[in-house]
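Participant:
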Amino acid sequence: MTADWIVAIAALAAVITVWALLIVHRGRSEFYPRRHHTRTAPSPQVRQIRISGSYHPSEVHVSAGQPTRLIFRREETAPCSERVVFPDFGISLTLPAYEDVAVDLPASEPGEHEFMCEMEMLRGRLVIDRVDAHRASPREVVAS
Ligand SMILES: [Cu+2]
């Protein structure tokens, strides 16, 4: 009678131990790849630029050290704005009218980069701010 109880409790303890080990193992294998994934593919900082006679806004600020996605939307059919060129990044893209076109730029050092139409009549400027300068902006202080 007593021996039966000891066997039953030992069996139960073994089942609980295996179950606990499985949960810990599953938790680990799910947790680590997810962290790794967010580190290799950080989400870009997104800015929208509307084109109608000129770039709106014509000056776009982003933070250094983070990839950037600029979404151009050409709200006109004037052929002048058909292409946007980023000479510093070696990018030249056709912008179909009334469509969103994403321009992905790598994480960069602080600095300024012009963008323009093919004939250089429309001009815009991408300003990459130092991260601490960006943090000190009034909007960020209010948000924190
Ligand atoms: Cu032009």
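Residues in the sequence shown are numbered from 16 upward in steps of one, following the numbering used here. Using N, Cα and C, we set each Cβ at its ideal position, and we do this for glycine too. Since this is a predicted model, take the numbers as computed values, not measurements.
When DSSP labels each residue in this structure, what does Ala112 get in the three-state scheme?
Facilitator: strand
Participant: Which residue comes first and which comes last in the beta strand (DSSP E) that contains Met131?
Facilitator: It spans Gly126 to Met131 - the beta strand (DSSP E) in which Met131 sits, taken as one unbroken run.
Participant: Can you tell me which residues fall inside 5 Å of ligand 1, judged by beta-carbon distance to its nearest heavy atom, and keep chain order?
Facilitator: Cys95, Cys132, Met134 and Met136
Participant: Could you tell me which of Gly105, Thr92 and Ser58 sits nearest to Glu129, measuring between CA atoms?
Facilitator: Checking every option, the nearest Cα to that of Glu129 belongs to Gly105.
Participant: Using DSSP with H/G/I as helix, E/B as strand and the rest coil, what is Glu74?
Facilitator: strand
Participant: Straight-line CA distance for Thr17 to Trp34?
Facilitator: Cα-Cα distance, rounded: 26 Å.
Participant: Going by alpha carbons, who is nearest to Arg140 out of Ala26, Glu74, Trp20 and Pro57?
Facilitator: Glu74
Participant: For Met134 and Cys95, which I take to be in contact (beta-carbon distance under 8 Å), what is that distance rounded to the nearest angstrom?
Facilitator: Correct: roughly 7 Å between the Cβ atoms.
Participant: Please state the DSSP three-state secondary structure of Ser107.
Facilitator: strand
Participant: In the DSSP assignment, find the beta strand (DSSP E) that holds Gly139 and state where it starts and stops.
Facilitator: Arg138 to Asp144
Participant: To the nearest angstrom, how far is the alpha carbon of Gln10 from that of Ile86?
Facilitator: With the chain running from 16 to 159 in the structure shown, residue 10 is simply not present.
Participant: When we look at the beta-carbon of Val146 and count the other beta-carbons within 10 Å, is it buried (16 or more) or exposed?
Facilitator: Answer is exposed; the Cβ neighbour count stays below 16.
Participant: Given a threshold of 16 other Cβ atoms within 10 Å of its Cβ, counted over all protein chains shown, does Thr83 qualify as buried or as exposed?
Facilitator: By the 10 Å Cβ count, Thr83 comes out buried.
Participant: May I have the straight-line CA-CA distance separating Pro59 from Phe101, to the nearest angstrom?
Facilitator: 18 Å
Participant: Can you list, in chain order, the residues of its chain whose CB lies under 8 Å from that of Val77, leaving out five sequence neighbours each side?
Facilitator: Result list for Val77: Gln60, Arg62, Thr83, Leu141, Val142, Ile143 and Asp144, in chain order.
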